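In what follows, a single structure is set out as structure tokens and then discussed.
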Amino acid sequence: MPHADLTVIPLGGPSPSVGAYIAEIQRHLASQDRVSWEMRAMGTTMEGSVEDLLAVAGRLHSIPFEHGIPRVYSILKLDERRDKEMSMQDKVDSVQRHVDAGGS
Numbered sequence: 474m475p476h477a478d479l480t481v482i483p484l485g486g487p488s489p490s491v492g493a494y495i496a497e498i499q500r501h502l503a504s505q506d507r508v509s510w511e512m513r514a515m516g517t518t519m520e521g522s523v524e525d526l527l528a529v530a531g532r533l534h535s536i537p538f539e540h541g542i543p544r545v546y547s548i549l550k551l552d553e554r555r556d557k558e559m560s561m562q563d564k565v566d567s568v569q570r571h572v573d574a575g576g577s
């Protein structure tokens, strides 16, 4: 299943704090069922079809504009593996097995 990491950075607002805008983005994610997602400290990891990931990312990018922000900078990383299925948790578990095994 394809995965995406999205970071949305509202620029030019009245305060350097962007938490309220990110909260709006998280509320939108909670209200949709096109992708599964996890909020992280520096962005959101999502899982779904490429088409759904791109559509949801576009929608999330637009949310700060709807709240008066004049500029939004977003970073989208998209990962799709076609040789085997891997969920977000599978990827984390794979790295953890390497950590637990020690060495490389």
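Read in this note's numbering, the sequence shown has 497 at position 24, and its numbers run on one by one without any break.
Where is the CB? At the ideal position from N, CA and C, for every residue including glycine.
No experiment lies behind these values; they were computed from the predicted model shown.
Please report the residue range of the beta strand (DSSP E) in which D478 lies. H476 to L484
Distance between K564 and H571 (C-alpha atoms, nearest Å): 11 Å
DSSP beta-bridge partners for D552? H476
Can you tell which of S567, D566 and L549 has its C-alpha closest to the C-alpha of H476? L549
Output needed for T517: all residues of its chain with C-beta closer than 6 Å, excluding positions within five of it in sequence on either side, in chain order. L479 and W510
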